[in-house]
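All remarks here apply to the structure that follows.
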Amino acid sequence: GAGVSQSPSNKVTEKGKDVELRCDPISGHTALYWYRQSLGQGLEFLIYFQGNSAPDKSGLPSDRFSAERTGGSVSTLTIQRTQQEDSAVYLCASSSRQSTDTQYFGPGTRLTVL
Amino acid sequence: RKEVEQDPGPFNVPEGATVAFNCTYSNSASQSFFWYRQDCRKEPKLLMSVYSSGNEDGRFTAQLNRASQYISLLIRDSKLSDSATYLCVVNNNAGNMLTFGGGTRLMVKP
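Chains A and B, in that order, give the protein sequences.
If you read the first sequence in the working numbering, its first letter stands for residue 1, the second for the next number, and so on.
If you read the second sequence in the working numbering, its first letter stands for residue 1001, the second for the next number, and so on.
Structure representation (structure tokens):
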């Protein structure tokens, strides 16, 4: 079956511009997570959605970052007024309600802010 | 102090060698533990869960020591295809958010 997909795969933008990153989770998965991985660094949790519950936004680094999940499926991560330190790979993962410990990752979006 | 700490390596080993990775975690309330594998410029993929009793999957053995807050991964008879970064991962059940270590890079050479 189809795995987690993300788009675009690469995004180059200029400092100060807004960007939107998209994630399509595995069909039927109720939980969706956003992480980011800076060059040579580990993964950093950003935000978590579970069903219709309020999202856990505790990992968002600033108010320039926001995310939505429409209809319990597709999610969009928006970064406003991008800064060079936002450059990273943004990874989305999803998991089923029965097995929330096992997270399946998408291929990521590589964001470069010039 | 990082919540999950790993030796970044790299570990350079010949084919057939046995190699062990260690990881420590700081949150004593952590409930679930995993090893993920990440190939260069790819997404992380679950390698195996780690249980208190220890568990084995082919050439891979994982151990958990809750008292010492320590997790290990042993790879026997290393293959070239084992070359990757191994991520120690902890779930403290706070919303099922996974906390990742920085990863240990393994390079298996002919």
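Glycine residues also receive a C-beta, built at the ideal position from the N, C-alpha and C atoms.
Asked	Found
Check whether the Cβ atoms of PHE65/A and LEU46/A lie closer than 8 Å to each other.	yes
Ends of the beta strand (DSSP E) at TYR35/A?	31–37
Along the chain, where does the beta strand (DSSP E) containing PRO1014/B start, and where does it finish?	1011–1014
For the beta strand (DSSP E) that ILE1075/B lies in, which residues bound it at each end?	1070–1075
Could you pull the start and end residues of the beta strand (DSSP E) that THR1018/B belongs to?	Here THR1018/B belongs to no beta strand (DSSP E), and DSSP marks it neither H nor E.
Thinking ILE1071/B and PHE1033/B are a contact (beta carbons under 8 Å), I'd like their distance in whole angstroms, please.	5 Å
In chain order, what residues of the stretch 19–43 of chain A put their CB closer than 9 Å to some CB of chain B?	ALA31, TYR33, TYR35, GLN37, GLY40, GLN41, GLY42 and LEU43
Please confirm if PHE45/A has its CB atom under 8 Å from at least one CB of chain B.	yes
Does the Cβ-Cβ distance between TRP1035/B and LEU1064/B come in under 8 Å?	no
Using a C-beta to C-beta distance shorter than 7 Å, which residues of chain A count as neighbours of SER1032/B?	ASP101
Checking 8 Å against the spacing of the C-beta atoms, do THR78/A and ALA88/A come in under that value?	no
For LYS1042/B, which residues of its own chain have a beta-carbon under 6 Å away from its beta-carbon, when the five flanking residues on both sides are left out?	none
Thinking C-alpha only, which one of GLU14/A, GLU20/A and ARG81/A is nearest TRP34/A?	GLU20/A
With DSSP as the reference, identify every bridge partner of LYS57/A, one or two as the case may be.	DSSP lists no partner for LYS57/A.
According to DSSP, is ASP1082/B helix, strand or coil?	helix
Does the count of Cβ pairs from the stretch 1005–1025 of chain B and the stretch 1085–1092 of chain B closer than 8 Å reach three?	yes
Tell me ASP1057/B's beta-bridge partners as DSSP assigns them.	PHE1060/B
For CYS23/A, count neighbouring Cβ atoms within 10 angstroms of its own Cβ and tell me buried if that reaches 16, exposed if not.	buried
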